[in-house]
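According to numbering that gives the first Met the number 0, the sequence shown is numbered sequentially starting from 0. C-beta atoms are modelled at their ideal positions from N, C-alpha and C, and glycine is treated no differently. Below is one structure, written out as structure tokens; comments come after it.
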Amino acid sequence: MSGLRLEEHPDRLVVTLDRPEKRNAIDADLIGELHAVCAELEARPRLLLLTGGAEGIFAGGADIGQLRERGRLDALAAINSAAFARIRALPMPTVAAVDGPALGGGAELAYACDLRVCTARAVFGQPEVRLGILAGAGATHRLPALVGEARAKELLFTGRRVDAEEALRIGLVNRVVAEPAELLPAAHGLLDEMATASALALRLTKLAVDAPPAAHPQLDLVSQAVLFEDEEKRRRMTEFLERRRPR
Numbered sequence: 000m001s002g003l004r005l006e007e008h009p010d011r012l013v014v015t016l017d018r019p020e021k022r023n024a025i026d027a028d029l030i031g032e033l034h035a036v037c038a039e040l041e042a043r044p045r046l047l048l049l050t051g052g053a054e055g056i057f058a059g060g061a062d063i064g065q066l067r068e069r070g071r072l073d074a075l076a077a078i079n080s081a082a083f084a085r086i087r088a089l090p091m092p093t094v095a096a097v098d099g100p101a102l103g104g105g106a107e108l109a110y111a112c113d114l115r116v117c118t119a120r121a122v123f124g125q126p127e128v129r130l131g132i133l134a135g136a137g138a139t140h141r142l143p144a145l146v147g148e149a150r151a152k153e154l155l156f157t158g159r160r161v162d163a164e165e166a167l168r169i170g171l172v173n174r175v176v177a178e179p180a181e182l183l184p185a186a187h188g189l190l191d192e193m194a195t196a197s198a199l200a201l202r203l204t205k206l207a208v209d210a211p212p213a214a215h216p217q218l219d220l221v222s223q224a225v226l227f228e229d230e231e232k233r234r235r236m237t238e239f240l241e242r243r244r245p246r
């Protein structure tokens with residue numbers, strides 16, 4: 000891959016955007032590589048950590064040179080939004096580690112992940128209306144779900160940027176670290192906490208949380224029924240009870 004660097008771990012895949020000369024701008028080639036990553040994680044589900052390689056930059060947005068030349072058929076092809084939707088639908092939880100700007104499509108890529116950790120110098124923004132388009136790769140529905148409709152409309156209508164402190168306050172990110180060197184350890188720490196859980200329970204919990212309201216409570220009941228018959232549940236509960244047993 001030319002636009003991504005992959006680092007394999009037994010329980011997770013670390014994916015680093017690697018186009019420093021373009022500020023990690025998201026072009027068609029990078030989208031193709033993200034699809035390949037998704038195919039790998041769909042075939043062999045693991046946790047995902049997504050980050051930017053260039054120091055002080057997550058992703059400066061879509062490649063404007065390519066975007067300027069796209070027509071209506073390209074828009075209908077959902078080039079970026081299809082890849083981001085695929086990331087959102089991955090079987091296991093995903094974490095975006097954001098340092099510096101995450102703008103336009105870069106912000107939408109971060110929103111596609113389940114959780115976000117950022118540095119104090121991180122900045123999020125949707126400048127699309129200032130370029131004569133809309134935020135068409137997920138922000139119009141994911142941002143309201145994260146920060147509420149009124150605040151999302153303000154950000155989408157004005158293109159105003161959000162710094163790390165505000166992003167934490169409004170629920171756009173889960174954690175903020177002071178120094179860039181702390182970012183990846185913090186993101187891995189979050190994934191380490193998840194990795195102690197049952198993989199099947201994690202997977203079904205994500206499925207339930209992301210399901211439409213009409214799927215509940217039926218989906219919860221079926222998922223719980225599957226987990227109640229899982230040997231992993233019996234082993235974990237037995238170990239818990241033995242730890243609690245008086246010596």
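The C-alpha of Glu241 is placed about 56 Å away from the C-alpha of Phe156. Across the set Leu5, Phe123, Cys117, the C-alpha of Cys117 shows the shortest separation from the C-alpha of Pro184.
A residue is called buried when at least 16 other Cβ atoms come within 10 angstroms of its Cβ; Pro19 does not meet this threshold and is exposed. Under the three-state reduction of DSSP, Ile78 is assigned to helix. Of all C-beta pairs linking the stretch 61-79 to the stretch 25-36, three or more are shorter than 8 Å, placing the two stretches in contact. With contacts defined as CB atoms closer than 8 Å, Leu226 and Leu190 fail to qualify as a contacting pair. Closest option to Glu178, judged by alpha-carbon separation, among Ala74, Gly104, Leu220, Ala163: Ala163.
With fewer than three CB-CB distances shorter than 8 Å, the stretch 76-83 does not count as touching the stretch 167-177. Taking 3 residues as the shortest admissible run, the stretch 112-185 contains the following complete beta strand (DSSP E) segments, listed from N- to C-terminal end: 114-118, 122-124, 174-176. Per DSSP, Gly64 is one residue of the alpha helix (DSSP H) stretching across 63-68.
Here the stretch 102-112 makes no contact with the stretch 196-210; the two share fewer than three CB pairs at distances below 8 Å. Counting other Cβ atoms within 10 Å of its Cβ, Gln125 reaches 16 or more and is therefore classed as buried. By the Cβ neighbour-count rule, Leu75 is exposed, with fewer than 16 other Cβ atoms within 10 Å of its own. Looking at Leu182, Val208, His8, Lys21, the one whose alpha-carbon comes closest to that of Ser1 is Lys21. Counting other Cβ atoms within 10 Å of its Cβ, Phe57 reaches 16 or more and is therefore classed as buried. DSSP, read as helix, strand or coil, puts Ile30 in helix.
In this chain, the alpha helix (DSSP H) harbouring Ala198 covers 198-209. Secondary structure of Gly51 (DSSP, three-state): strand. As computed with DSSP, Glu7 is found in a beta bridge with Leu12. Counting other Cβ atoms within 10 Å of its Cβ, His187 reaches 16 or more and is therefore classed as buried.
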